[in-house]
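To keep things clear, I will list the structure first and then write my remarks on it.
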Amino acid sequence: MSSRGARIAAYAGLAVLGGAVALAGALVQAGWFPLGLLLALAGAVGLFLGGARLTRTKIGAAAPAGGWMLVVVLLTTTRPEGDFLFGTGAGAYVFLFGGMFAAVMCATVVPSGHVLQPDAKRL
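Its first residue numbered 258, the sequence shown is counted upward by one per residue in the working numbering.
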């Protein structure tokens, strides 16, 4: 597989992982309210930052954030039966806006691809 193909596959895998983290976070944040919310946001931050560090690009953070956002938006819509997964409590809003804030922050703090080498001339 070419380098470009591997990178595209990595982005697609990160997007799928972002969706899985969103689904798990949506269930955990409401189930164990104060600590579950922190756990859900920590999982999202870990994935976004890990994707950025793995690929050393902003897309590495944006791909899982896009998958996360897609699943969260799909989970917030009501069904024809009137059921929905997110309530109207403060925890759900903190999860939604906290995840969006984490995605933006992790995309802006992308580590550079350059490794600093010590200067051999300075001894």
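Glycine included, each C-beta is placed from N, C-alpha and C at the ideal position.
Runs of the alpha helix (DSSP H) lying entirely within the stretch 295–335 and spanning at least 4 residues, in chain order: 316–333. Distance between A272 and A318, taken at the CA atoms: about 9 Å. The shortest CA-to-CA distance from G323 to any of L304, A263, R313, L294 is the one to L304.
Between the beta-carbon of G300 and that of G275 there is about 10 Å, and that puts the pair past the 8 Å contact cut.
By the C-beta criterion, the stretch 348–368 is judged to be in contact with the stretch 290–299, since at least 3 inter-stretch pairs fall below 8 Å.
Out of L353, L280, A320, L332, the CA that lies nearest to the CA of A269 is found in A320. Excluding five sequence positions before and after L342, the CB atoms of its chain that fall closer than 7 Å to its own CB belong to A283, L332, given in chain order.
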